[in-house]
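Participant: Mind looking over this structure? Questions follow.
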Amino acid sequence: MSLARLWDMYEDEAKLWLRKNVVNAEENCKMLGPKEQMEKYLSFFKLDFAKMVAEKEQAIAQLGSTQLALSDLKQELEKKKLSDKSTTSIHRVVSAKAEKERDQMMQERDKLMEEREQLKKEKKKLDYMIGDLFKHKEDTKCKIMKVREMLDEIE
1 MSLARLWDMY
11 EDEAKLWLRK
21 NVVNAEENCK
31 MLGPKEQMEK
41 YLSFFKLDFA
51 KMVAEKEQAI
61 AQLGSTQLAL
71 SDLKQELEKK
81 KLSDKSTTSI
91 HRVVSAKAEK
101 ERDQMMQERD
111 KLMEEREQLK
121 KEKKKLDYMI
131 GDLFKHKEDT
141 KCKIMKVREM
151 LDEIE
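In structure tokens, the structure reads:
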């Protein structure tokens, strides 16, 4: 009688252990869907972020070419100033205006450079977050494989 009771206790414990494993496996499966959705969302976000960084870099490049054109115009003004003494006051006004515009362009360029650096920092943070998500995904896969192996051993 006691052997049958021990056997029943063993079977009850094995069933309880198996139920816990099944519940754990179901919870892991439920977590995979949102995790994959989050990874997909982050990959789209990363692409959008890369596009935005490329656009900012293009704006900075355009700003540089504008500054070169502005420098050329300033040199032209200097040449005209030397050739025509009567229009020196006009050239001074234009030169001052060009210098003021150049200063404004420099300020805009500095702002864009700061924004670009900040975007690079954000991109780096996102890369680390994505790496952590992939690591978590691999850990979850390993846990699921262990649960499957345990279930296979029981069967």
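Be aware that the sequence shown starts at 1, since it is given in my numbering, and climbs by one per residue. Glycine included, C-beta positions come from ideal geometry on N, C-alpha and C.
1) Spatial neighbours of L112 within its chain, please: C-beta separation below 8 Å, excluding the five flanking residues on both sides.
2) Just reading off the alpha helix (DSSP H) that E27 is part of, what are its end residues?
3) What did DSSP end up calling E155 once you bin it into helix, strand or coil?
4) To the nearest angstrom, report how far apart M145 and L3 are at their CA atoms.
5) L119 and V22 look like a contact to me (Cβ under 8 Å); what is the Cβ gap, rounded to whole Å?
6) Note down, in chain order, each residue of its chain lying with its Cβ closer than 8 Å to the Cβ of C142, except the 5 sequence neighbours on either side.
7) Quick check: what's the CA-CA separation for E155 versus E36?
8) How many Å lie between Y128 and S43 at the Cα?
9) Alpha carbon to alpha carbon, how far is L133 from E39? Give it in angstroms, no decimals.
10) Nearest to K46 by CA position, among H136, L6, I130, is which residue?
11) Nearest to D48 by CA position, among D152, K135, E122, A69, is which residue?
Facilitator: In short, the structure shows the following:
1) By one-based count along the sequence shown, residue 112 stands at place 112. Counting only Cβ-Cβ distances below 8 Å, and skipping sequence neighbours, we find K56, A59, I60, L63.
2) Counting from 1 along the sequence shown, the entry for residue 27 is found at position 27. Taken as a continuous stretch (DSSP letters only), the alpha helix (DSSP H) holding E27 covers 2 to 83.
3) Taking the first residue of the sequence shown as 1, we reach residue 155 at position 155. Coil.
4) Counting from 1 along the sequence shown, the entry for residue 145 is found at position 145. Counting from 1 along the sequence shown, the entry for residue 3 is found at position 3. Distance between the alpha carbons of M145 and L3 is about 35 Å.
5) Reading the sequence shown from its first residue, position 119 is the one you call residue 119. Reading the sequence shown from its first residue, position 22 is the one you call residue 22. L119 to V22, Cβ: 46 Å. No contact.
6) Along the sequence shown, one-based indexing puts residue 142 at 142. Excluding sequence neighbours, C142 sits near nothing in its chain.
7) If you number the sequence shown from 1, residue 155 lands on position 155. If you number the sequence shown from 1, residue 36 lands on position 36. Each residue's Cα considered, the two are about 30 Å apart.
8) Translated into the one-based positions of the sequence shown, residue 128 becomes position 128. Translated into the one-based positions of the sequence shown, residue 43 becomes position 43. Taking the straight line from one Cα to the other gives about 13 Å.
9) To locate residue 39, count along the sequence shown from 1; it is residue 39. To locate residue 133, count along the sequence shown from 1; it is residue 133. Approximately 7 Å, taken between the alpha carbons.
10) Within the sequence shown, numbered from 1, the residue matching residue 46 stands at position 46. Here the closest residue by C-alpha is I130.
11) Translated into the one-based positions of the sequence shown, residue 48 becomes position 48. Checking every option, the nearest Cα to that of D48 belongs to E122.
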